[in-house]
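Engineer: For the sequence shown, the positions run 922 to 1410 when my numbering is used.
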Amino acid sequence: MDFEIIDKDVMGRIGKFETNHGKVETPTILPVVNPNIELIPPKDLKKFGAEIVMTNAYIIYKTRRDEALEKGVHRLLGVDIPVMTDSGSYQLMIYGDLEITNEEILSFQSKIGSDIIVPLDIPTPPDADYDTALNDLKVTIEREKSALTFKGKSLLALPIQGSTHLDLRKLSAKEALKIGGDVYAIGGIVPLMDTYRFQDLVRIILEVKSVLPSNSVIHLFGAGHPMIFSVAVALGCDLFDSAAYAIYAKDDRYLTPYGTKKLEDLHYLPCSCPICSKYSPNELKEMEKSEREILLAEHNLYVSFEEIRRIKQAIRENNLFELVESRIRVHPNLLKAWRIIREYKDILDIYDPFIKQSFFYTGIESCYRPVVRKHQDRILNVEIDKEEVVISTDEGELADFYIKPPFGVIPAEMIESYPVGHSEVPQAELMEEEALKMAVEGLKRFLDYHSDKRFKIRVNSFWMKYLKNLPKNVVIECLDRRKDLDLQE
Ligand SMILES: [Zn+2]
């Protein structure tokens, strides 16, 4: 399958791939529809922004098999957009046993004309013991191998399993890559999301991404909450499926990109979708449960697709980092999880474009963006033709180089150009210590690299405590003390 990448930012991308029922633009959400419970008619899902839907082949097989074989899954659901079918692995996880084989469910998905088929993998829950996870994975890999026979004209999604064992996740991705899927679907992660274990989720995604080629389509199985979309897209996930819009609605829960609200706690509706514009929280609370459930599900879909469009626009503007850094502040576990990217510098460096339009500093996480480190590397190659070099923290002063956190050393002639010239960064005195230390780290590397030169660093006294243990070829001059001296004279 061809995955055409149109634009990218961080590790995320806007892409397109072709199915038997038309193109799909990613990142996107596949609303999950149960063919037997019609909450929102599948044909109406397009109006929310759906380009593809997901349904459960196992449930169709158990309840409407003959009809599906006769009509095909699209006519059964009444849609003309692509349909992905799930194999029943989730039911397998819940009920422990299914009266169907891998081959039967694959053949059925193919016969009913599914656009993306999935083998019956074993979704091992988080924290499973190693042997269990490994044995489950071996079964999954065998089933993935036999799936190739049933592929036909459909696309094949290969689940990535392995519980919370990162080496098994990598093994799963490597084996799936050898088999050759069209989509790689990271599975078994819903329990992590339900319990806010975002650190585990981030690690799993990054380990899997480190194995798969950059043009692989990545599906995050069962991820349907808008609060994690920006982080997941920024880590390179392309597809999400959402049963959450319906499950949460059933439970009177209201989705927002900042987290979940209970309808009973809402005095105001913080959204402008057609539902929230029309009804007040009290009107929703007072209406029949069945009517309310539909309206909440509709809001949940509107807000989910709105977040996807916001993320796509951020990719277009190359400010996905800024969006993610605002989103991670909605939950401490999400904040902690994002900080893990520091451990995956190499992979982030490969994906994230160096040149962007702007750099807005939002907090210490902004220091982890590859551009900061890449700038520090790049600056080492700047040629210095003077014997004595002046570095200053004050841009108003004449100097050869300036110090600007979090970037470090900036040549005077580059002060107007990207990244520094296009950055919005608070003044040093108001910045977090981490950003200042990052700048000093860059400065020290620069000084070490040019150990044959003499440097005069002119700083205000605020900087003094950060500039300890500098090499011998450096003299520090304190700007505000010098001013004091001037006054005394
Ligand atoms: Zn709304």
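Idealized CB from N, CA, C, for every residue including glycine.
Let's test the definition: count the other Cβ atoms within 10 Å of the Cβ of residue 1103 and tell me whether it reaches 16, buried, or not, exposed.
Structural biologist: Buried: at least 16 other Cβ atoms inside 10 Å.
Engineer: Return yes when the C-beta of residue 1016 is under 7 Å from any heavy atom of ligand 1, and no when it is not.
Structural biologist: Residue 1016 Cβ: outside cutoff for every heavy atom of ligand 1.
Engineer: Thinking C-beta only, is residue 984 closer than 8 Å to residue 957?
Structural biologist: Yes, the Cβ-Cβ distance between residue 957 and residue 984 is below 8 Å.
Engineer: How about residue 1359 and residue 1332: do their beta carbons lie closer than 8 Å?
Structural biologist: No, they are not a contact pair.
Engineer: Span of the alpha helix (DSSP H) holding residue 929?
Structural biologist: Taken as a continuous stretch (DSSP letters only), residue 929 belongs to no alpha helix (DSSP H), being part of the beta strand (DSSP E) at 925-930.
Engineer: My understanding is that residue 1216 touches residue 1196, with C-beta atoms under 8 Å, so please give their C-beta distance in whole angstroms.
Structural biologist: Residue 1216 to residue 1196, Cβ: 5 Å. Contact.
Engineer: Ignore the nearest five residues each way along the sequence and tell me which others in residue 1082's own chain have a CB closer than 7 Å to its CB.
Structural biologist: Excluding sequence neighbours, residue 1082 sits near 1042, 1043, 1044, 1045, 1057, 1058, 1061, 1093, 1108, 1109.
Engineer: What does the Cβ neighbour count give for residue 1275, buried or exposed, with the cut at 16 atoms within 10 Å?
Structural biologist: Looking at its Cβ environment, which holds fewer than 16 other Cβ atoms inside 10 Å, residue 1275 is exposed.
Engineer: So, for residue 1087: in the same chain, excluding its five sequence neighbours on each side, which residues have a beta-carbon less than 8 Å away from its beta-carbon?
Structural biologist: 1124, 1125, 1128.
Engineer: State yes or no: is the C-beta of residue 1190 nearer than 7 Å to some heavy atom of ligand 1?
Structural biologist: Yes, the Cβ of residue 1190 comes within 7 Å of a heavy atom of ligand 1.
Engineer: Can you have a look at residue 1011 and say buried or exposed, based on whether 16 or more other CB atoms are within 10 angstroms of its CB?
Structural biologist: It is buried - the Cβ of residue 1011 has at least 16 other Cβ atoms within 10 Å.
Engineer: In three-state terms, what does DSSP make of residue 1114?
Structural biologist: Residue 1114: helix per DSSP, three-state reduction.
Engineer: Check whether the Cβ atoms of residue 1379 and residue 1311 sit closer than 8 Å, and answer yes or no.
Structural biologist: Contact: yes.
Engineer: Express the C-alpha separation of residue 963 and residue 954 in angstroms, rounding to a whole number.
Structural biologist: Those two C-alpha atoms are separated by around 7 Å.
Engineer: Hey, quick one: how far does the beta strand (DSSP E) through residue 1105 stretch, first residue to last?
Structural biologist: Residue 1105 -> beta strand (DSSP E) spans 1104-1107.
Engineer: Over the uninterrupted alpha helix (DSSP H) stretch that includes residue 1363, give me the two end residues.
Structural biologist: From DSSP, the alpha helix (DSSP H) with residue 1363 extends over 1354-1370.
Engineer: Quick check on residue 1162 - is its C-beta less than 8 Å from some C-beta in chain C?
Structural biologist: Among the chains of the structure shown, chain C does not appear; only one protein chain is present.
Engineer: If residue 1222 sits next to residue 948, beta carbons under 8 Å apart, how far is it from one beta carbon to the other, in whole angstroms?
Structural biologist: Not confirmed; about 16 Å, so no contact.
Engineer: Any contact between the segment 1248-1257 and the segment 1113-1120? By contact I mean 3 or more CB pairs, one from each, below 8 Å.
Structural biologist: As far as the Cβ criterion goes, the segment 1248-1257 touches the segment 1113-1120, which means the pair count is three or higher.
Engineer: Might you give, ordered along the chain, the residues of its own chain that have their beta carbon closer than 7 Å to the beta carbon of residue 990, omitting 5 neighbours on each side?
Structural biologist: Counting only Cβ-Cβ distances below 7 Å, and skipping sequence neighbours, we find 1032, 1033.
Engineer: Cα separation between residue 1374 and residue 1147?
Structural biologist: Roughly 53 Å separates the two Cα atoms.
Engineer: Scan the segment 1166-1212 and note each continuous alpha helix (DSSP H) run of 4 residues or more that stays entirely inside, going in chain order.
Structural biologist: Correct list: 1195-1199, 1202-1207.
Engineer: Please name the residue, chosen from 922, 926, 925, 930, that lies closest to residue 1269 on a Cα-to-Cα basis.
Structural biologist: The option with the nearest alpha carbon to residue 1269 is 930.
Engineer: Any heavy atom of ligand 1 within a distance shorter than 7 Å of the CB on residue 1434?
Structural biologist: Here the chain comprises residues numbered 922 to 1410, so residue 1434 is not present and cannot be evaluated.
Engineer: On the CB-based measure, 16 or more other CB atoms within 10 Å of its CB, does residue 1246 come out buried or exposed?
Structural biologist: Under this definition residue 1246 is a buried residue.
Engineer: How is the beta strand (DSSP E) around residue 1272 delimited, first residue to last?
Structural biologist: Segment 1266-1272 is the alpha helix (DSSP H) holding residue 1272; no beta strand (DSSP E) there.
Engineer: What residue does the alpha helix (DSSP H) around residue 1007 start on, and which one ends it?
Structural biologist: Unbroken run through residue 1007 is the beta strand (DSSP E), 1004-1007; no alpha helix (DSSP H).
Engineer: Could you tell me which of 1180, 1207, 1212 sits nearest to residue 1228, measuring between CA atoms?
Structural biologist: It is 1180.
Engineer: Looking at ligand 1, does it come within less than 7 Å of residue 1288, judged from the CB to the closest heavy atom?
Structural biologist: Checking every heavy atom of ligand 1 against the Cβ of residue 1288, none is found closer than 7 Å.
Engineer: Taking the CB atoms as reference points, tell me whether residue 1244 and residue 1151 lie closer together than 8 Å.
Structural biologist: Against a cut-off of 8 Å, the Cβ pair of residue 1151 and residue 1244 comes out as a contact.
Engineer: May I have the straight-line CA-CA distance separating residue 1075 from residue 1139, to the nearest angstrom?
Structural biologist: One C-alpha to the other measures close to 17 Å.
Engineer: Note the first and the last residue of the continuous alpha helix (DSSP H) segment covering residue 1144.
Structural biologist: Residue 1144 -> no alpha helix (DSSP H), and no H or E assigned at all.
Engineer: Whole angstroms are fine: how far does the CA of residue 1089 sit from the CA of residue 1049?
Structural biologist: Cα-Cα distance, rounded: 12 Å.
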